[in-house]
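Chains A and B supply the protein sequences, listed in that same order. For the first sequence, my numbering gives the first residue as 2, with consecutive numbering after it. For the second sequence, my numbering gives the first residue as 5, with consecutive numbering after it. Below: the structure, in structure tokens.
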Amino acid sequence: MNKDKIKSYGDTLYDCLKNRTTIDPITEQESDVTIEDAYHISLQLLQRRLDDGEKVIGKKIGVTSKAVQNMLNVHQPDFGFLTDRMVYSHGDELPISTDMIQPKAEGEIAFILKHDLSGPGVTNADVLRATECVMPCFEIVDSRIKDWKIKIQDTVADNASCGLFVLGDKAVRPDKVDLVTCGMVHEKNGEIIATGAGAAALGSPVNCVAWLANTLGEFGIKLEAGEVILSGSLVPLHSIVPGDSMHLSVGGIGSAYVRFT
Amino acid sequence: MTLSKEVIAQLAEHVENAELNKKAITKITDDYPDMDWEDAYAIQYAIRKRKQDRGTLIAGLKMGLTSHAKMKQMGVETPVFGFLTDYGSYADGAEIDTSNFIHPRIEGEVAVMTNKTLKGPGCHIGSVLAAIDFVMPAIEIIDSRYENFRFDLKSVIADNTSAAGYVTGSNMKRIEELDLPTLGVVLEKNGEIVELGAGAAVLGHPAASVAMLANMLAERGEEISAGTFIMTGGITAAVAVEKGDNINMRCQDIGSVSMRFV
């Protein structure tokens with residue numbers, strides 16, 4: 002894909018984000034779009050946000066669980082950038098009616114890094130060494146692609162369908178919790194809608210962070226000390242509407258609560 | 005009760021023979037569409053008595069249909085219960101003869117051992133937490149005696165809620181060391197993760213499932229005595245197994261359970 006087209010798609014996605022509109026899948030408009038093209042589109046989208054004063058505070062991996070892969074019919078992970086305008090805290094109200102298009106909630110484990118991770122060659126041992134703590138986290142994903150009809154290139158271009166994220170009430174050192182077996186309970190409006198465990202994300206959330214470091218490493222990007230890394234949902238995506246509230250608890254870590262307005 | 009004693013005895017023999025001969029039958033409500041809940045449990049208890057008369061020991065109790073989603077799907081508001089036998093127990097790491105079953109499936113659970121009597125009505129989560137001696141990881145082997153697992157609730161109650169066997173882990177933990185709702189389980193078949201979940205999948209809390217068991221037993225004038233082993237209900241969906249399958253379940257804080265079907 003030539004540079005002009007890449008810039009044009011990046012700008013269009015930025016406009017969609019700002020105006021809460023959607024476009025037809027890029028993969029329908031451009032049948033030969035590659036993941037690398039999509040990544041460059043996402044960089045243009047990010048550049049527009051940075052020009053607008055936003056600051057990168059972390060990275061995310063998405064589409065890591067079989068449940069989400071089957072739901073979206075996308076069978077490999079995606080990756081994106083997190084900015085300061087996306088982050089919320091435990092107990093906050095999220096203005097989805099004014100800020101989002103077709104939001105869905107996911108439950109995840111967030112990693113806070115104390116050292117840089119620069120792929121390729123990042124192992125699970127490197128990830129654990131670089132992790133300051135882990136936290137319960139909601140990611141509220143959204144798609145600027147019409148009706149969530151995404152293929153892997155569409156979601157990579159659209160910053161991994163990232164929307165907002167909510168960090169929970171506790172931060173725990175990675176040696177204090179079994180990240181593979183830790184259970185997750187996801188409730189909406191007081192009703193349990195799903196349970197899961199750490200292994201849902203590529204066998205372990207640690208694997209996900211290593212994958213992200215190595216994948217972004219191919220593009221010369223590193224995960225940096227102090228950044229928040231979202232390691233992928235452990236439960237299926239769940240649609241939300243204003244008025245809903247959600248609670249998430251993760252065994253051995255803590256919980257997160259959020260209301261949607 | 006709508007069925008006569010004779011019919012109950014006859015159905016108990018029919019359903020138990022399906023288990024003993026490993027030959028699936030059609031669901032009994034096809035022939036007795038008017039049978040009620042009491043009839044269904046009467047058949048289960050008659051099967052239990054047949055086994056005890058032959059020297060089988062009752063090794064514990066089990067809860068079934070403990071997920072809200074499954075209950076909604078079956079159109080009921082309460083779970084169901086059954087009994088566990090001595091011969092249904094398999095050791096951690098066991099080789100299990102697949103020909104002992106018709107079409108076995110496995111579910112990941114947590115099991116508890118009690119150290120006090122639990123008596124309903126009014127048994128609540130607090131009474132249960134105070135009466136749990138320890139918690140273990142466990143896998144239940146279910147094997148409906150009905151063709152293709154096709155049954156309705158009354159048929160499955162009569163069939164001892166498909167109970168066929170169980171494998172307990174080798175580790176135990178005290179209840180106060182655990183958070184049962186968020187306790188995660190990861191079930192693997194032949195090295196691949198096939199199911200995941202957390203304790204809250206069981207009626208919100210596995211101890212709530214035990215309380216419900218005590219209250220359901222109270223309606224029959226029964227109680228759960230101290231020293232009872234209880235399978236609290238499936239955290240994961242049931243997974244079909246066949247000869248050659250290698251199963252491993254890892255649980256948060258309480259260890260793992262494994263077995264091979266041979």
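Don't be surprised by glycine CBs; every beta carbon is placed ideally from N, CA and C. Computed from a prediction, not measured in an experiment: that's the story for all the values here.
Proximity winner among the options, relative to residue i (alpha-carbon distances)
i, options, result
"R178/B", "N119/B, H128/B and N104/B", "N119/B"
"V114/B", "K66/B, D38/B and E246/B", "K66/B"
"V243/B", "V198/B, Y91/B, F155/B and A215/B", "V198/B"
"E226/B", "F85/B, M176/B and V245/B", "F85/B"
"L24/B", "T121/B, N219/B, V80/B and D163/B", "D163/B"
"Q7/A", "A158/A, V75/A and S246/A", "Per the sequence shown, the amino acid found at residue 7/A is Ile instead of Gln. When each option's Cα is compared against that of I7/A, the closest is A158/A."
"H76/A", "A202/A, T182/A and I97/A", "A202/A"
"T6/B", "D43/B, T236/B, K193/B and A168/B", "D43/B"
"N71/A", "S246/A, V236/A and G253/A", "V236/A"
"F280/A", "V34/A, I141/A, L213/A and D16/A", "Lying outside 2 to 262, the shown extent of chain A, residue 280/A is not represented and no answer is given."
"K152/A", "R49/A, N74/A and L18/A", "N74/A"
"E81/B", "L133/B, L88/B and A73/B", "A73/B"
"Y94/B", "N175/B, S159/B and I145/B", "I145/B"
"L114/A", "Q154/A, E225/A and I24/A", "E225/A"
"F138/B", "A168/B, G173/B and G124/B", "G173/B"
"D33/A", "H239/A, K56/A, H187/A and D155/A", "D155/A"
"C254/B", "H239/A, T13/A and D179/A", "Note that residue 254/B is Arg in the sequence shown here, rather than Cys. The residue with the shortest Cα to Cα distance from R254/B is D179/A."
"P141/B", "W41/B, D40/B, M235/B and G231/B", "M235/B"
"N250/B", "G92/B, R109/B and T33/B", "R109/B"
"G92/B", "D183/B, I143/B, L191/B and S131/B", "I143/B"
"K171/A", "E55/A, A161/A and H91/A", "H91/A"
"I241/A", "V229/A, T22/A, I194/A and E228/A", "I194/A"
Beta-carbon neighbours of residue i, restricted to chain A and to distances below 7 Å
i, result
"D183/B", "G252"
Spatial neighbours of residue i in its chain, beta-carbon cut-off 6 Å, leaving aside the 5 residues before and after
i, result
"V167/A", "Y89, F139, A257 and V259"
"G97/B", "S262"
"A212/B", "I129"
"A46/B", "I12"
"G11/A", "I42, Q45 and L46"
Contacting residues, own chain, Cβ-Cβ under 7 Å from residue i (five flanking each side not counted)
i, result
"A22/B", "A28, I29 and R149"
"R174/A", "C134"
"L129/A", "P175 and V207"
"D101/B", "V266"
"G221/A", "none"
"Q103/A", "D143, S144 and W149"
"Q48/B", "G86, I161, A162 and N164"
Euclidean distance between Cα positions of residue i and residue j
i, j, result
"P185/B", "T70/B", "13 Å"
"A198/A", "D53/A", "38 Å"
"G63/A", "S234/A", "7 Å"
"G203/B", "M117/B", "16 Å"
"C209/A", "A111/A", "11 Å"
"I228/B", "I136/B", "12 Å"
"A222/B", "D93/A", "45 Å"
"L217/A", "E37/A", "11 Å"
"M220/B", "F233/B", "17 Å"
"M136/A", "G255/A", "7 Å"
"T240/B", "P26/A", "36 Å"
"M78/B", "G238/B", "16 Å"
"S205/A", "T28/A", "30 Å"
"G184/A", "V251/A", "6 Å"
"T60/B", "A50/B", "13 Å"
"F80/A", "L95/A", "23 Å"
Any chain A beta carbon closer than 8 Å to residue i
i, result
"I197/B", "yes"
"A215/B", "no"
"A205/B", "yes"
"G208/B", "yes"
8 Å Cβ cutoff, residue i in contact with chain B
i, result
"A200/A", "yes"
"T196/A", "yes"
Closer than 8 Å at the beta carbon, the chain B residues around residue i
i, result
"M185/A", "T186, G188 and A202"
"G204/A", "I197"
"I193/A", "H72, A204, A205 and G208"
Cross-chain neighbours of residue i in chain A, by beta carbon under 8 Å
i, result
"R254/B", "V181, T182 and A200"
Close Cβ partners of residue i (< 8 Å) along its chain, the five nearest in sequence each way excluded
i, result
"V11/B", "Y36"
"R52/B", "I62, F87 and N164"
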